[in-house]
């Protein structure tokens, strides 16, 4: 008994950690750190530095071949990054134009039975516009059907792309391929990381 008749308050006893929380802590400590893959740019620099040394002929030939391969990969990566940036910039415009054309087509299809040839001609024109939006080349800056007005230059530019798109569709049909929006280049671009694309864009804007 402590002075005054009250029991002495014992020192706080720490409870041992539960096995579950201890297991989580152990897993965090033991979790392996993934090795960071060197970027193509760093690999190229490293290989170029290595080639400045006095090397045996067979090693030099192998390293020069490696350097060529790395530079080809970098060039392809840069091209895909540019295409991806162009796509992201134009996607919103194309989305709204496609929706607008599809609504106009649906409205005209309802009138077609009563209005005859006049509506059919308009429908044909709108379907060509829809084809233009759907199959406009992915790696080119999109030329809007509605923005930019109907100046001689704007109409000429659109007609040039209409012709190119029709030729692309005919070539795809002749080879038995489907020229839909998704294609191999798009799939490759998806594999290009956002960090790589932003880094590439920032580098070019800085220069």
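Numbering (the numbering used here), first residue to last: 60 to 266. Backbone N, C-alpha and C define an ideal beta-carbon position, used for all residues, glycine too.
#1: Under a three-way DSSP split, which group does residue 206 fall into?
#2: Taking only three categories from DSSP, how would you classify residue 137?
#3: Can you give me the C-alpha to C-alpha distance between residue 156 and residue 188, rounded to a whole angstrom?
#4: Starting from residue 231, trace the alpha helix (DSSP H) both ways and give me its first and last residue.
#5: Can you give me the C-alpha to C-alpha distance between residue 248 and residue 143, rounded to a whole angstrom?
#6: On the DSSP letters alone, give me the boundaries of the alpha helix (DSSP H) that residue 199 sits inside.
#7: Relative to the C-alpha of residue 166, which residue among 149, 126, 186, 122 is closest?
#8: What residues in its chain sit with their C-beta under 8 Å from that of residue 107, if we drop five residues either side in the sequence?
#9: Run the CB neighbour count on residue 154, radius 10 Å, all protein chains shown included, and call it buried at 16 or more, exposed below.
A quick look at the data gives this:
#1: Reduced to three states, the DSSP call for residue 206 is coil.
#2: Helix at residue 137.
#3: In a straight line, the C-alpha of residue 156 is about 9 Å away from that of residue 188.
#4: Unbroken alpha helix (DSSP H) run through residue 231: 211–233.
#5: Here the model assigns residue 248 a pLDDT of 42, short of 50, so the residue's position is not dependable, and the following value carries that caveat. Rounded to the nearest whole angstrom, the C-alpha separation of residue 248 and residue 143 is 6 Å.
#6: Note, residue 199: premise wrong, no alpha helix (DSSP H); not H, not E.
#7: Sorting 149, 126, 186, 122 by C-alpha distance to the C-alpha of residue 166 places 186 at the top.
#8: Closer than 8 Å at Cβ, skipping near neighbours: 126.
#9: Exposed, by the Cβ-count rule.
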